[in-house]
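Quick note on numbering: the sequence shown equals residues 257 to 390 in our numbering. Just so you know, even glycine gets a beta-carbon here, dropped at the ideal spot from N, CA and C.
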Amino acid sequence: MQRLWLCIMLLPTTAFAEVCDKERPLWDGTPTTAWSEAIILLTSPSQIILLAATMLAIWYGWRIACFILALIWVAFIPMMLTRDLDDMTWEASREGCIGSPILFMGLCGAISVLSFYAAMRRPKTKKDTTCSKD
């Protein structure tokens, strides 16, 4: 029984592996879900600036800016796919401090489709509001 307990104590955990201390220093020990991983990835300063720029480009109808921002959003999808190739990231996801980036990649895809749509739509034209009798 003591040998079994000793073997259990030697299994890699967050205290022994210390991968999560390097990847997510403020991790509290609860397993990270896809929702919390998406929130963590979307609240980084670069993502907030990119999201604000996308909203401004769509709001003001800047077609070239919408197209460029859509390409930037699409570029995040392969970046997230190749993120798990690193041994340290794989160990951190196995320990639970890094969740699946699938939801974040879906949001990036949805934002890029919205930006592509905004870039390809026709600009609004003012309609004649005068009353004319023909």
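Cβ neighbours of methionine 376 in the same chain (closer than 6 Å, five flanking residues each side left out): No residues qualify anywhere along the chain.
Helix, strand or coil at arginine 377 according to DSSP, with G and I counted as helix: In the structure shown, the three-state DSSP call for arginine 377 is coil.
Within 8 Å, strictly: CB atoms of leucine 282 and phenylalanine 360: Contact flag unset, no.
For aspartate 208, the three-state DSSP class (helix, strand or coil): What the structure shows of the chain is the stretch from 257 to 390, and residue 208 is not part of that stretch, so it cannot be assessed.
Per-residue DSSP class, three states only, for cysteine 263: Reliability of the predicted coordinates at cysteine 263 is poor, the pLDDT of 48 falling under 50, and no value is obtained from them.
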